Each structure stands twice: as C-alpha cells, then as structure tokens.
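From first to last, the protein sequence lines stand for chains A and B.
Going by the working numbering, the first residue of the first sequence is number 992, and it counts up by one from there.
Going by the working numbering, the first residue of the second sequence is number 218, and it counts up by one from there.
We treat Cβ as the ideally placed atom computed from N, Cα and C, and that holds for glycine.
Everything numeric in this text was worked out from a predicted model, so none of it was measured.
Following: one structure in structure tokens, then a few remarks.
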Amino acid sequence: MIACPSCAMRSDQALSFPPIINSREVGEVRVGDDALFVEVTGTDLSMVVLTLNILCSQSGGSWRCH
Amino acid sequence: MKRFRRYTISLRAPRIAPGKRHPYREFLDTVKTKLVSMGFQEMRGSLVETEFWNMDALFMPQFHPARDIHDVYFVKEPTHASSIAEPFLSRVTQAHQNGGETGSTGWNYPFNAERARRLVLRSQGTAVSARTLAAQPAVPGKYFSIARCFRYDQVDATHATDFFQVEGIVLGEDINFRTLLGLLNLFAREVAQAKEVKFLPAYFPFTEPSVELHVRHPKLGWMELGGAGLFRPEVTLPLGVTVPVIAWGLGLDRMAMVALGIHDIRELFTDNLDLIRSTRGPSRFHMPTITIFKQDLEGLLAAPGEAPQPITMEQLEESLMLVKGELRGQNPDTGELRIELQDSNRPDLWCCEGIARQIRVKRQGSLARYNFLTTPSKSPKRLNVAPGLEEIRPYVAACTATGYRVTQEGLAQLIQTQEKLAEMFGRKRRTVSIGLYRLAAIEFPVTYDLVKPDEVTFTPLGMDTVMTLGEMLLVHPKGSGVRRDSRGT
C-alpha cells in the first residue's frame, strides 16, 4: 500500500511507528506504574532533546531520569 | 479649571461581541478539513434525486417500507426524471428481479422502471456514494460527502426533518470490516469528540455485514450516530465496481450536538444571537489550552517540606500572567482550571509543572537544578539505531524515568503534555514525536529500526484491532496526516 519504508521502535515486539502511533499492547502506561521508558524521535536535534527534558520535568520533578 | 468625574478602574468594561461564524457552520468546516486531511475526496450530489439513485441502486426493494410516502418527501412538480442512465438501469433491474450477475437471488418481484424515475428529496447520503461508484471512482480511493438529507419525522430533541449526513466510502482490494470499525471509532472520537463508543450489529438492505455506531451524549445518553457496512455485491457489481467498498452514513447533527455541547437538535440552527455568541465553536489548535487542577498547582508551588497554601483566584490570575496564560474556564467543585497559553515559544510551560516552575522561579529569583540535564547518563540500557534512519528521521533521545508512581490524575496530565508537545511543538509529530511505555514491558536493547509497511503489526493506542503499518496509514488520522506530509516534501 505504502511503498516507502518507515521507522519502528522495537524491542522484542514493535513499540511504535514514529511518528504515527504507539502500540497499545506493549507497555501502555497505566495508573500505578513507577518506572517508565520515554523515547522521542524527530527531525531536529535540539527540539528532540528539549522535548525529552520537558517530559522529564513532569511529576513535579520527582522523577529520576537516566 | 476642568473637573473630572471620579472613576473606578476595577469595573468590568461592556462586553464586545465580535463577528463570528455560526458554530454549526464552523463544525461542518472542521469535519470537512479533517476528512480532506485524511486523504478523502469530496463528492457532491443534488438535493433532488431519482428513486433510482436514492434507493434502487442501493438494493432497497421498491416495496421497502422506508420508501413510503410517510418517510420520503416526493417532489410535486416535476414528478419524474426523463430517463435513467444505462447500463445501470438494466443491471439494477436484474439485481432486484433475480440477482442478475451478482450471484444473489434478488428480491423476486417485477421491477418498476417508472417508479425508478420518480423524483424525491434525497433521503440518505448514500445516494451520493451510489452515483460516485457508477462514475468509475479511483481504486484504492476514499470519498466523502456532507449531504443534506430529508425524511419525514416527528421533530424532537434528537430528530429533525432535514439533517446533514457525513457519508463516506473507501474502495480497495484490502478493505475489510476491521478497517471500517477502525474508521468509525475514529470519527466518533475525533469528530464527535465522544468519550464512549459502542458498535451494535445492524441490518441495512445495501450492506452486509452491517453495524450501527452509538455514542454517549453527556446529557441525552446513548444515541445512534448512524450505520455502516460493506456494500453488498448487489450494489457494487451493477455499478461496475469489483473491489470491496466500505460505506457509512453518520448523522452530523448529532455529532455536532456532542461536540458543541448542545442538548437539542433544534438549537443547531438557532438565530438566537446570545446563544450563538456563547456557544464555543469546535476546538481549533491555535494556542494550546491545557486542563490542570488547582490543588496540583498549589502542591507544586509549596516549598519542600511545607504544606501547600491555597491560592486565591486573584493570585492565580496574577501568576498566570507570568506564563502568558489566560484562565478560560474553571470548575470550583473539582478544582479544574482550563488555561490557554499564549506563548507558542515556550512549550515547557504547557503543563502544570511548567507553570509552577515559572512561578517558583519568579518567587525565588533563581533557577532550580535538574540533574538529568547536567550529568551524563550511566545507564547500561541501550538504544540501537539502524542505519538508514538519518535519511528519514535522524534523531532519537530516550531515557528511563523512575521514582514516581503514576496516579490517575498524573497519567491524564502526562498524556496531555505528550499530546500538546507532539501536536503543537512537534508540528503534528512531524518534527517531534513521543512514546511513553511501562519500563517493565520493554526488553533492552531497544532498536530504532527501518521497516516495510506490512512487516510489523500491533494494536495502535486507542483502537481495538491488530493492524499492519500499512493499514494504520490508511485509517489512522495521524497516519494519513503523515502520508500527506511525506508526499508534500
């Protein structure tokens, strides 16, 4: 249908097809989770880094991000 | 010497109502824009239609009760069209009488060609689709129409005698019922902005299998938005189409009621200026508007180890000026605050944390330190990047985040931040897109990879079915947007 190849984020299963949509089965964040994996992809390095930083300062800064 | 009268600057100035479009008109335009951005082409048709295109071509038998004078408006003058185009008339006649070439046994009655020419006011948008199918549409192809339809009905809060339907067809070799359910779900959530959706099995003369789409209106309860299904071969073959076609006809007026928060269908066409002025149009994404909770903000503003101090509305409005924010609405019972942020250069302010941070910085006069910004990562977890991505989407950054247990409220906030950042800062995910996952579900190393459209499948967030990337690109609004972009650049 679409000939061009596209990006996928995968571990043992596909996690997401950036920039279209993320998976629901693998690792949908739920209430009670206390450890997350965050990925940001994009076409502009500074925007990608800034976005990750903004996300990391969520939860009132109580997150430890590595 | 001139003496001035005393004046009070705290008095509210009179409200000026600027010109604006009718909220319903705006809603219709939004729907149109959305469908076009999903790659649909618009079909147009006439309000006066022959019974042939309105019903016969859709395999509705001429004795069908819905073709009765009690349901359809017949045109007084002229009463009949002069002719019906061939080969459609003979093929449809055959389909009704004995199935013709369609493999069906038909309805087994003598088809009345005179009746087929009878003029009626279009009673369903599907008439427009029937005409499109007969006009050799593109395969694969996606078409939509916003069609005004007329049916005799008792007028009440959810019924009117004339109404808009959003009618659509998708043709293609790989089209199936699953694709249809995905699309309907999408319409309900994206267009009608419905939170709860359900599908019920249904019967229509022109589709098999068929389904009804129901959504929950906040005040009126469950209501049917419309029907959909795969066109029967008795419909497609006589019109010269050999690939599967999914079709739907949804009541736009009812969608508008949910989306605009209107409780009576008659209000859609109101000329009451006060009502029109106070009805907010469908949400547009000019400036980010976020929802936060007052108690969250108070908690975030408190110094470490101190109890949160309640903030008054005056303090809040004053603080919001620091973030170029404007209070758009609030619910005193839940503490909910809707804030429009008018600085598109500061995506870091588009969440409760960001607003609180800005206010703290102002109060303390100094910046707080965030360790992850300054110390290099020592994480043993690896993210591998496949070669070739530098051509397509070259940058990736990732981290693990621990030490905070996600609450119901926290999750909603997190998703809100993710959406706003990706939609507005990331130009609808083109320049930046974000994935958040439960860490325990991830096997490291994670690979950022190149794949072919049909190589990998999963259930996309917000949907119920497993899809390939190709299928997602077809039905998902985010997918279609991307496809259009990649063509454009």
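For chain A, check one thing: does any of its Cβ atoms lie closer than 7 Å to the Cβ of K219 (chain B)?
no
Just the C-alpha distance for E384 (chain B) and L628 (chain B), rounded to the nearest angstrom, thanks.
36 Å
For the pair the segment 350-366 of chain B and the segment 379-394 of chain B, tell me if three or more CB-CB distances fall below 8 Å.
The count of Cβ pairs closer than 8 Å, one atom from the segment 350-366 of chain B and one from the segment 379-394 of chain B, reaches three, so the stretches are in contact.
DSSP state of R501 (chain B), grouped into three classes?
With a pLDDT of 48 at R501 (chain B), under the threshold of 50, the modelled position of this residue cannot be trusted; read the value that follows with caution. Three-state DSSP puts R501 (chain B) in coil, outside helix and strand.
Just to check my reading of the structure: S362 (chain B) and G262 (chain B) have Cβ atoms closer than 8 Å, yes? What is that Cβ distance to the nearest angstrom?
7 Å
With N601 (chain B) as the anchor, note down where its alpha helix (DSSP H) starts and where it stops.
Premise fails: N601 (chain B) lies in the beta strand (DSSP E), 600-602, not in any alpha helix (DSSP H).
Using a cut-off of 8 Å between C-beta atoms, extract the partners of G615 (chain B) located in chain A.
It should be noted that the sequence gives Ala, not Gly, for residue 615 (chain B). The answer, in chain order, is F1028, V1029, E1030, V1031, L1043.
Residues bridged to V462 (chain B) [DSSP beta-bridge criterion]:
B:L388
Taking the C-alpha atoms as reference points, what is the distance between E268 (chain B) and Y369 (chain B)?
The straight-line gap from Cα to Cα measures roughly 16 Å.
Please confirm whether S969 (chain A) has its beta-carbon closer than 7 Å to some beta-carbon of chain B.
Since the first residue shown for chain A is 992 and the last is 1057, residue 969 (chain A) is missing from the structure and cannot be characterised.
Cβ neighbours of L275 (chain B) in the same chain (closer than 7 Å, five flanking residues each side left out)
T343, A347, P422, F423, V452
Classify Q1049 (chain A) as helix, strand or coil using the three-state DSSP reduction.
coil
Tell me where the beta strand (DSSP E) around T617 (chain B) begins and ends.
612-619
Report back the beta-carbon spacing between H434 (chain B) and M474 (chain B) to the nearest angstrom; my notes put them in contact at under 8 Å.
Confirmed, Cβ separation roughly 6 Å.
If we call anything under 7 Å between Cβ atoms a contact, is K215 (chain B) one with P521 (chain B)?
Here chain B comprises residues numbered 218 to 706, so residue 215 (chain B) is not present and cannot be evaluated.
Just checking: is the beta-carbon of S1002 (chain A) within a distance shorter than 7 Å of some beta-carbon in chain B?
yes
Using the three-state DSSP reduction, which class does V337 (chain B) fall into: helix, strand or coil?
strand
Looking at the C-beta of R501 (chain B), does it have a partner C-beta in chain A at a distance below 7 Å?
Summary for R501 (chain B): the model assigns pLDDT 48, below 50, so the residue's position carries little reliability; its value from the coordinates is reported in the next sentence. For R501 (chain B), the closest Cβ of chain A is not nearer than 7 Å.
Inside the segment 525-588 of chain B only - alpha helix (DSSP H) runs reaching at least 4 residues
530-538, 569-581
For A330 (chain B), the nearest candidate out of B:A377, B:L566, B:Q353, B:A302 (CA to CA)
That would be B:A302, whose Cα lies nearest to the Cα of A330 (chain B).
Could you tell me whether the Cβ atoms of A614 (chain B) and V1031 (chain A) are closer together than 7 Å?
yes
Find the residues of chain A that neighbour F642 (chain B), judging by a C-beta separation of less than 9 Å, and give them in chain order.
M1038, L1041, T1042, I1045
What would DSSP say about T396 (chain B), mapped onto helix, strand or coil?
helix
Expressed to the nearest angstrom, what Euclidean distance is found between the alpha-carbon atoms of F502 (chain B) and D1035 (chain A)?
Caution applies to F502 (chain B), whose pLDDT of 44 falls short of 50 and renders its modelled position unreliable; the model cannot decide the point.
According to the neighbour-count rule (16 or more other Cβ atoms, all chains shown, within 10 Å of its Cβ), is W773 (chain B) buried or exposed?
In this structure chain B extends from 218 to 706, so residue 773 (chain B) is not present and cannot be described.
Within 7 Å (strictly less), CB to CB, does V387 (chain B) reach chain A?
no
Compute the distance between the beta-carbons of L539 (chain B) and Q575 (chain B), then report whether it is under 7 Å.
yes
Output, in chain order, the set of chain A residues within a Cβ distance shorter than 7 Å of E660 (chain B).
S1002, D1003
Between which two residues does the beta strand (DSSP E) containing F416 (chain B) stretch?
F416 (chain B) -> beta strand (DSSP E) spans 414-421.
Quick check on F404 (chain B) - is its C-beta less than 7 Å from some C-beta in chain A?
Using beta-carbon distances, F404 (chain B) does not count as an interface residue toward chain A, since no partner is under 7 Å.
By the three-class DSSP mapping on this structure, what secondary structure does G652 (chain B) have?
strand
Closer than 7 Å to chain A by CB, L628 (chain B)
yes
So for R494 (chain B), helix, strand or coil by DSSP?
Looking at R494 (chain B) - three-state DSSP - the assignment turns out to be helix.
Measure the CB-CB distance between A999 (chain A) and F675 (chain B) and report whether it falls below 7 Å.
no
Spatial neighbours of K579 (chain B) within its chain, please: C-beta separation below 6 Å, excluding the five flanking residues on both sides.
L539
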